[in-house]
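A short worksheet on the structure shown next.
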Amino acid sequence: MEGIVQEVIQCMLGAIVRNNAIQMIILYSVFYFTRCAKRPDVFYSGMKRDSVFKMGSLHRSYYPLFFAPFGTIQTVLQLFRRPMFLERISIQVKTPHNGSILLDLVEGDKNSKKNALLVHGFNGSGNSTYMRGLAGHLSKEGYRVFCFNARGIRSKLNSPVFFHIGWTVDLKAAVEFILCDYQGTLEIFGFSMGANWVAKFFGEEKLDPRIIKGGAVCLPFDFFKIGIHFLKNPYTRLFNKLLAMNFVKYINRNKDVFRDAGYDMNMIRKCSSVQQIDMMVTTKIFDIKDVNEYYKNQSCVNYIDQISVPFIILNTYDDPIIPPFSIDKEVCMRNKNILLVIAHKGGHLGFLSNRLDRTWAEDVLMDFVKHF
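Residue numbers (full-length UniProt numbering): 1 to 372.
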């Protein structure tokens, strides 16, 4: 009799657990489909209505990865993507101030007249998942793709001059190299800090007519506002510290040139925020008088008005690094060449969907290069 009672109790407990699990799945599914899966917000000049209409990805809901729709999780998980393998060769390009960069070239069709340059974000490289992912899709469409590697990333620095948030010197050198050595048009897309470089480059001087369009993914419009955001609470301060740790790793990787220039590596390693490193290192190397003015002056929000070719900006509302209040919709709407797309989910450089072969951002960018 006792055994029968135990079996009944076990069956009842099992049924309760199963029912609770089913209820949780149902509740989560309701939450996911009502709160997470949404169409992006799109801002553009009415003159581009026909082009936007052709971009199918903007008229469908973006379904973020089902069990990981949240911004912070997307930001971390994107690091573990495994994009398609691409055969690449590395080209060294000399740059001013005794520097050099590497361009990873993906060239399926040597006769292609379509060139694309991709520019990574802070502490990224040509090997970053978002770089390889977009490079693969562009290559399939017949593009010759160059993946930018900033100075000191894949090769050692020759001098303490590295780069800063608005550093377009090396980007200009890469563009000049491509335009001089290869025929055809050029499109340039940047990610995170690289997005700021690209947007600033497009707006700060007259472009070569062969540069026909560009884009910025997870664009930090205003570094001054982002700096305030980083100091707001323990959560944002944690991201600030993580970025500072990556900054320290970069400096440590090139420690010989910094030590020879008189910088105290032990003091640099103690920095717990990007602002501290900027005050200790960046301001001195680049002769910056005021760090807050530096953040304001080197932000691309000052240059978006002057962008003269089709340009897409793709951000998210749940980016843990770039807060929504820093996205300047008004300045984008003033320029007829700008297409601003803001997804409700996606995190920072995540945009993971329920398809393993591509991100939602890659769908939007490929739509843009075809139709805008």
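Virtual Cβ for every residue (Gly too), placed ideally from N, Cα, C.
_Proximity to E362 [Cα-Cα], best of S90, S125, S139 and I91_ = Position 362 of the sequence shown, counted from the start, is the residue given in the question as residue 362. Nearest of S90, S125, S139 and I91 to E362, Cα basis: S139.
*Please name the residue or residues paired with R144 in a DSSP beta bridge.*
What you label residue 144 is simply residue 144 of the sequence shown in a count that begins at 1. Residue pairing by DSSP puts R144 in a beta bridge opposite E107 and N115.
_According to DSSP, simplified to helix, strand and coil, what is P324?_
Locating residue 324 in the sequence shown gives position 324, where the first residue counts as 1. Looking at P324 - three-state DSSP - the assignment turns out to be helix.
*May I ask you to report which of helix, strand or coil DSSP gives F191?*
Here residue 191 is taken as the residue at index 191 of the sequence shown, counted from 1. Three-state DSSP puts F191 in a strand.
*asked:* With DSSP as the reference, identify every bridge partner of K38, one or two as the case may be.
replied: Translated into the one-based positions of the sequence shown, residue 38 becomes position 38. DSSP links K38 through a beta bridge to Y62.
_Distance, M333 Cα to G203 Cα_ = On the sequence shown, residue 203 is found 203 positions in, with the first residue counted as 1. On the sequence shown, residue 333 is found 333 positions in, with the first residue counted as 1. In a straight line, the C-alpha of G203 is about 15 Å away from that of M333.
*Expressed to the nearest angstrom, what Euclidean distance is found between the alpha-carbon atoms of C180 and L186?*
Counted from its first residue, the sequence shown places residue 180 at position 180. Counted from its first residue, the sequence shown places residue 186 at position 186. Taking the straight line joining both Cα atoms gives about 11 Å.
*asked:* Based on DSSP bridge pairs, tell me the residues matched to Q183.
replied: Numbered from its first residue, the sequence shown carries residue 183 at position 183. Note: Q183 sits in no beta bridge, so no partner.
*In the DSSP assignment, find the beta strand (DSSP E) that holds K345 and state where it starts and stops.*
Within the sequence shown, the letter at position 345 stands for residue 345. Segment: none, K345 is in no beta strand (DSSP E) and carries neither H nor E.
*From the DSSP output, in three-state form, read off Q298 for me.*
For the purposes of this step, residue 298 is taken as residue 298 along the sequence shown, with counting starting at 1. In this structure, Q298 counts as coil in the three-state DSSP scheme.
*Note down, in chain order, each residue of its chain lying with its Cβ closer than 7 Å to the Cβ of R154, except the 5 sequence neighbours on either side.*
For the purposes of this step, residue 154 is taken as the residue at position 154 of the sequence shown. Taken in chain order, the residues that qualify are L102 and S125.
*Distance between I322 and T282 (C-alpha atoms, nearest Å)*: Translated into positions along the sequence shown, residue 282 becomes position 282. Translated into positions along the sequence shown, residue 322 becomes position 322. Distance between the alpha carbons of T282 and I322: 21 Å.
*Taking only runs of the alpha helix (DSSP H) that begin and end inside the stretch 174-259, which ones reach a length of at least 4 residues, in chain order?*
193-204, 223-230 and 234-253
*Return the bridge partner residues of G99 from the DSSP annotation.*
Translated into positions along the sequence shown, residue 99 becomes position 99. Answer by DSSP bridge pairing, in chain order: T95.
_Contact belief for G190 with V119 at Cβ below 8 Å, rounded distance in angstroms_ = Within the sequence shown, the letter at position 190 stands for residue 190. Within the sequence shown, the letter at position 119 stands for residue 119. Their Cβ separation, rounded to whole angstroms, is 4 Å, which keeps G190 and V119 in contact under 8 Å.
_I'd like to know whether the C-beta atoms of D357 and G56 end up nearer to each other than 8 Å._
The count along the sequence shown starts at 1 and reaches residue 357 at position 357. The count along the sequence shown starts at 1 and reaches residue 56 at position 56. Going by C-beta atoms, D357 is not nearer than 8 Å to G56.
*Distance between D170 and V274 (C-alpha atoms, nearest Å)*: Translated into positions along the sequence shown, residue 274 becomes position 274. Translated into positions along the sequence shown, residue 170 becomes position 170. Cα to Cα, V274 sits roughly 22 Å from D170.
*For P83, is the classification buried or exposed, using 16 other Cβ atoms within 10 angstroms of its Cβ as the cut-off for buried?*
Looking up residue 83 in the sequence shown gives position 83. P83 is buried by the Cβ-count criterion.
*For F239 versus P160, is the C-beta distance shorter than 8 Å?*
Residue 239 sits at position 239 when you count from the first residue of the sequence shown. Residue 160 sits at position 160 when you count from the first residue of the sequence shown. In this structure, the beta-carbon distance from F239 to P160 does not fall below 8 Å.
*Give the single residue among A199, G142 and N196 whose Cα lies nearest to the Cα of residue 381.*
What is shown of the chain runs 1 to 372, which leaves residue 381 out entirely.
*asked:* Quick check on the DSSP output: the beta strand (DSSP E) that includes F311 runs from which residue to which?
replied: Your numbering for residue 311 matches position 311 in the sequence shown. For F311, the enclosing beta strand (DSSP E) starts and ends at F311 to T316.
*With 16 other Cβ atoms within 10 Å as the buried cut-off, status of K113*: Position 113 of the sequence shown, counted from the start, is the residue given in the question as residue 113. Burial call: exposed.
_8 Å is my cut-off, CB to CB: does Y303 come that close to chain B?_
Here chain B cannot be found, since the structure has a single protein chain.
*asked:* Considering just the uninterrupted stretch of the alpha helix (DSSP H) at H120, what are its terminal residues?
replied: Along the sequence shown, read from residue 1 onward, the residue named residue 120 stands at position 120. It is not in any alpha helix (DSSP H) - H120 carries neither H nor E in the DSSP assignment.
*Short Cβ contact (8 Å threshold) for K225 with F325*: Numbered from 1 along the sequence shown, position 225 holds the residue referred to as residue 225. Numbered from 1 along the sequence shown, position 325 holds the residue referred to as residue 325. Their beta carbons are under 8 Å apart, which means K225 touches F325 by this criterion.
*Straight-line CA distance for E205 to T168?*
Here residue 205 refers to the residue found at position 205 when the sequence shown is read from its first residue. Here residue 168 refers to the residue found at position 168 when the sequence shown is read from its first residue. So the alpha carbons of these two residues sit roughly 11 Å apart.
*Euclidean distance between Cα positions of D278 and V248*: For the purposes of this step, residue 278 is identified with residue 278 of the sequence shown, where counting begins at 1. For the purposes of this step, residue 248 is identified with residue 248 of the sequence shown, where counting begins at 1. Looking at the two C-alpha atoms, the distance is approximately 11 Å.
*asked:* Quick check on the DSSP output: the alpha helix (DSSP H) that includes E87 runs from which residue to which?
replied: Your numbering for residue 87 matches position 87 in the sequence shown. Premise fails: E87 is in no alpha helix (DSSP H) and is neither H nor E.
*When DSSP labels each residue in this structure, what does V274 get in the three-state scheme?*
The sequence position of residue 274 within the sequence shown is 274, counting from 1. Reduced to three states, the DSSP call for V274 is helix.
*Look up Y28 in the DSSP assignment and say whether it is helix, strand or coil.*
In the sequence shown, the residue the question calls residue 28 occupies position 28. Note: Y28 maps to helix in three-state DSSP.
*Run through DSSP, which three-state label would M303 get?*
Counting from one through the sequence shown, the residue named residue 303 turns up at place 303. Here residue 303 is Tyr; the residue named in the question, Met, does not match the sequence. Coil.
*If you run the structure through DSSP and keep just helix, strand and coil, what is I165?*
Position 165 of the sequence shown, counting from 1, holds the residue named residue 165. Assigned with DSSP and collapsed to three states, I165 falls in coil, not helix or strand.
*Would you tell me roughly how many angstroms separate the C-alpha atoms of G166 and A174, rounded to the nearest one?*
Residue numbering aside, residue 166 sits at position 166 when the sequence shown is read from its first letter. Residue numbering aside, residue 174 sits at position 174 when the sequence shown is read from its first letter. So the two alpha carbons sit approximately 16 Å from each other.
*Ordered along the chain, which non-local residues of its own chain (more than five positions away) have a Cβ less than 7 Å from that of F258?*
Residue 258 sits at position 258 when you count from the first residue of the sequence shown. Around F258: P160, I251 and M265.
_As assigned by DSSP and simplified to three states, the class of S353_ = Taking the first residue of the sequence shown as position 1, residue 353 is located at position 353. S353: strand per DSSP, three-state reduction.
*Does the Cβ of S29 have 16 or more other Cβ atoms within 10 Å, making it buried, or fewer, making it exposed?*
Looking up residue 29 in the sequence shown gives position 29. S29 is exposed by the Cβ-count criterion.
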